[in-house]
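Here our numbering runs 8 ahead of the position in the sequence shown, where the first position is 1.
Just below is one structure, and these are the notes that go with it.
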Amino acid sequence: MNLESQVLEAFAPDGALARAAEHFVPRSGQTDMALAVARAIEGAYPLVVEASTGVGKTFSYLVPALLSGERVLLSTATKALQDQLFGRDLPALVQALGVPVSTALLKGRGSYLCLHRMEMARHDASFPERSSLRALAKVEEWARGTDTGDLAELPGLDERSPVIPWVTSTRENCLGSPCPRFRACHVNQARRQALAADVVVINHHLFFADLAVRESGVAELLPTVRIAIFDEAHQLNETGVQFLGENLSTGQLLDFARDMLGTGLQLARGLLDWQALAGATEHAARDLRLSVGKVYPGSKLRWTDAAPEGLAPKEWAEALVAVSTTLAGACEALDTVSDIAPDFARLHERATELEARARAFGLAPEPGGVRWLDVGTQLRLVESPLDIAQAIQARVFTDDKAAAKTWIFTSATLGDDAQLSWFTQPCGLTEATVLQVGSPFDYARQAALYIPRNFPKPGDPTHTAAVAASAADWARRLGGRTMVLTTTLRALRAIGEALQASFAGSADIEVLVQGEMPKRTLIERFRQADSHGGRGCVLVASASFWEGIDVPGDALQLVIIDKLPFPPPNDPMVEARSRLLESAGKSAFNDYFLPEAAVALKQGAGRLIRRETDQGVLVVCDSRLASMGYGKRLLRALPPMQRLASEEQLNERLDLLTRTCTRAPQPT
Ligand code: SF4
């Protein structure tokens, strides 16, 4: 039986999926996508699938991949999604289909305990204060029993804990095969398991990190797999450009200085003046930071000439040369002790790499890329390609028949035209087969869209306050169950503060603001607000909350978007991409800004309806969506929701949602 027939059988009403999962209901979109994936596997060609929310795309790619009997590499956007795929979807399907496949999970090295660094940390004089010592003791205790060394399995360890850099490795500080703990090393163990498994789950960061430096094991893995699947593929380009470029940060210099000092004092005390060597590196890093002077934290300075914009070229060049000279001095010194321990040989390599990068940033930028300076507490010097087209094309459209494999790219949002150009162009996949699978949801019945009239224009200084005031009214009417998505961090803070002030002391509504607690906790709290019959919740968030957040049911029934999510025009990457389009005779607005806004809007709106039974309202507080000609294109990108024409209609709809909700709000 060919793969398509096997897939059809699995998805049939009496097939393997229906027999194994009580709630499985055959859906035509899901089966169509699965058949398209099966054909791509049989024909070994690349396939791009936009599968709208509710299609159940995970089953659509996993079933044919598992039934094919081929080796599979599966990549998703985040570690949390990796855990979900590996821990839930994959084992459920392997069991349902009864296929004898072995699976493995491979994360970046920063996710695993480094036994060598953990042992060094306890004796390191520069190890931070008491609370970190307690956290270190907890890690040491857990280290005795863990099989995987995956820190996500250590209960109660905050992902932002200061102890993590002390007990994990980086490519820079890992000793590799000369390491005394190499045999027991969790990073190596995870890689060995991945190399032996039939299905390996990785993430996009790891995939690109490996294309760039070929060190995490994916480069070895890739030639041996026949099917590579990228879920949440809309994040590929932005993730890829981060890794395919070069960067140097003052943080990396300070980490190097700290590691050199700690290792020197532990393993070669008295042989060199470690304090002076580390001090000189720290000093050079600090001087580089100081040469930038007072710049608003979070700024990105364009860097098209000798120095980043607004900086004195001479001072900047001197500070950068001082960094290379200091690192060259560290190299020389480390060379004299390299034979004592592998730690020094690795520090030497690290100093050499940092020095080469500092020197490269002193030369003119490479053509075809973009260079800028990120300014925060630390400085980050960045040079990046504008897209990942070349890197992907070189692998997907190879002439090497032995390397032929099927590449599947999928996500709920990949563009606003039939060719999915927003995704396929920067990823070099314009020649790939493209499929769009519509949502099974009845949006006209389940959801409504409202664009307030007589609202301040988005550029008006009163706009943000007006969003906050309206959001407070609507959320009060609905008893919470509201998510406010902002386009800027400034609006996030302003709207968050205004809503917290509006509901201060409220027994009915709690306001959660992004940044107050870890993202996962925030979402869990928002989701749970409804189920405990307690206070309703309003969540104010920006950036990463526009996508990937799944809050089904009554906990979220109103999504408010403050402005149309156009990319920030003075971001150096956005500028460089616009310039490139204009120079090719295209319109940066039509071919870049609009598709970006359409995709982001679609993602934001996608938070509202997550199940066939969900009901809700989307409010976009930006009159341009209704008044400008380009608004029509953006509206077409949204699901076909009912349009509400007035505030009265909105209020009626909110009241209806309140009446039908399982947890009605308390009178205020
Ligand atoms: S090989 Fe690298 S990651 Fe593994 S224990 Fe040694 S230093 Fe740590």
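Note that beta-carbon positions come from the ideal geometry of N, C-alpha and C, so glycine has one too.
Count the other CB atoms within 10 Å of the CB of residue i; is the residue buried (16 or more) or exposed (fewer)?
i       : result
His-212 : buried
Leu-298 : exposed
Pro-54  : buried
Gly-376 : exposed
Leu-642 : buried
Thr-232 : exposed
His-131 : exposed
Gly-593 : exposed
Asp-424 : buried
Tyr-69  : buried
Pro-21  : exposed
Glu-363 : buried
Thr-676 : The pLDDT assigned to Thr-676 is 34, lower than 50, so where the model puts this residue is not dependable; a value taken from the coordinates is nonetheless given after this. Label assigned to Thr-676: exposed.
Met-268 : buried
Thr-176 : buried
Ala-73  : buried
Thr-334 : buried
Gln-674 : Note that Gln-674 has pLDDT 42, beneath the 50 cutoff, so the model's placement of it is unreliable and no number is given.
Pro-460 : buried
Val-445 : buried
Val-345 : buried
Thr-406 : exposed
Pro-434 : buried
Leu-101 : buried
Leu-658 : buried
His-31  : exposed
Asn-181 : buried
Ile-400 : buried
Thr-668 : exposed
Just reading off the alpha helix (DSSP H) that residue i is part of, what are its end residues?
i       : result
Ile-172 : 172-175
Gln-90  : 87-92
Val-475 : 471-486
Leu-394 : First-last for Leu-394: undefined, no H or E at that position.
Ser-76  : 65-76
Phe-683 : Past the boundaries of the shown model lies residue 683; the chain is included only from 9 to 676, so the question cannot be answered.
Gln-260 : 258-275
Val-445 : Element bounds for Val-445: not the alpha helix (DSSP H) but the beta strand (DSSP E), 441-445.
Trp-282 : 282-298
Arg-47  : 36-51
Is the beta carbon of residue i within less than 6 Å of some heavy atom of the ligand SF4?
i       : result
Leu-123 : yes
Arg-753 : Any property of residue 753 remains undetermined from this structure, which presents the chain solely from 9 to 676.
Leu-183 : yes
Ser-177 : yes
Val-195 : yes
Consider the Cβ of residue i: report whether some Cβ of chain D lies at a distance smaller than 7 Å.
i       : result
Ser-169 : Considering every chain present, this structure includes no chain D. It has just one protein chain.
List the endpoints of the continuous beta strand (DSSP E) containing residue i.
i       : result
Leu-457 : 455-458
Trp-415 : 414-419
Arg-310 : 307-310
Cys-545 : 544-549
Phe-238 : 235-238
Leu-572 : Segment: none, Leu-572 is in no beta strand (DSSP E) and carries neither H nor E.
Met-491 : 490-493
Arg-379 : 377-383
Phe-518 : Checking the displayed sequence, the identity of residue 518 turns out to be Glu instead of Phe. Taken as a continuous stretch (DSSP letters only), the beta strand (DSSP E) holding Glu-518 covers 517-521.
Handout entry: Contact the region 73-86 vs the region 129-149: 3+ CB pairs below 8 Å
Key = no
Practice task
Specify whether the region 194-204 and the region 382-401 touch according to this definition: at least 3 beta carbon pairs, one from each stretch, less than 8 Å apart.
Solution key: no
Practice task
Evaluate the contact criterion for the region 449-462 versus the region 415-427: three or more CB pairs, one atom per stretch, below 8 Å.
Solution key: no
Exercise for the section: Decide yes or no for the touch test of the region 182-192 against the region 349-357: beta carbon pairs closer than 8 Å, at least 3 of them. Expected result: yes
Exercise for the section: Would you be able to state if there are at least three C-beta pairs under 8 Å between the region 595-605 and the region 527-538? Expected result: no
Exercise for the section: May I ask you to verify whether the region 467-483 touches the region 492-512, counting CB pairs closer than 8 Å and requiring at least 3? Expected result: yes
Handout entry: Cβ pair count under 8 Å reaching 3, the region 275-290 against the region 393-411
Key = no
Practice task
Pair every Cβ in the region 245-259 with every Cβ in the region 105-113, then say whether three or more of these pairs are closer than 8 Å.
Solution key: no
Problem - Cβ contact check for the region 564-578 and the region 620-628: 3 or more pairs under 8 Å - result: yes
Problem - Any 3 or more C-beta pairs closer than 8 Å across the region 308-318 and the region 236-250 - result: no
Handout entry: Three-pair Cβ contact test at 8 Å for the region 582-596 versus the region 319-326
Key = no
Exercise for the section: Specify whether the region 556-564 and the region 575-591 touch according to this definition: at least 3 beta carbon pairs, one from each stretch, less than 8 Å apart. Expected result: no
Handout entry: Sufficient close CB pairs (3 or more, under 8 Å) joining the region 23-31 to the region 54-64
Key = no
Handout entry: Meets three-Cβ-pair contact criterion under 8 Å: the region 156-165 and the region 115-129
Key = yes
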